[in-house]
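Residue numbers (my numbering): 296 to 496.
The beta-carbon is built from N, C-alpha and C at its ideal position, and this holds for glycine as well.
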């Protein structure tokens, strides 16, 4: 007996003995072994895919610009007359020059006779300094003896008073007399209006 036949005989004997020792366990076919290996590989691949994090990038929050409040300038308002007897003054272009009646002595409504002294105060309610060429001038009504313009004669800064001293003559007719005047700037533009009102017997 040659060696090859001896080897085959021994191998067959071992297989018979193994089959006799474990008769309930059949030997799986090679096809079934390959199918089991393929299923095991597929399960492992599925587990790996589940355990691995997604390749889709997580969106990062976008930077939203913060709108800071802007400084809004407060609306400006033209100054109003401080005198109850002063009509509304016209607005000068640019709103930089304005004058308002402040007081008169004697006061409006006083009874006067003959020649009498009047002191009138006008406030510079604009934001420019008046020169000496600013002044007041008669417009209409009773003249009280004065019809020529009267200059202030000195600088008047904003919010300061210009004082005018006038010598009036009372009208001969009895009754209430009104005299309308204007405040003008260095080039003659009207920057405010006011009036005097006195009574004669």
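- In the three-state reduction of the DSSP assignment, residue 393 falls in the coil class.
- In this structure, the CA atom of residue 415 is about 23 angstroms from the CA atom of residue 467.
- The straight-line gap separating the alpha-carbon atoms of residue 492 and residue 428 is approximately 26 angstroms.
- In the DSSP secondary-structure assignment, residue 429 is not bridged to any residue.
- The continuous stretches of beta strand (DSSP E) do not include residue 448, and DSSP gives it neither H nor E.
- Within the same chain, and ignoring the five residues on either side of residue 460 in sequence, the residues whose Cβ sits closer than 6 angstroms to its Cβ are 414.
- Around residue 409, the same chain offers 464, 465 as residues with beta carbons nearer than 8 angstroms, after the five sequence neighbours per side are excluded.
- Assignment of residue 423 by DSSP, reduced to helix, strand and coil, places it in the coil class.
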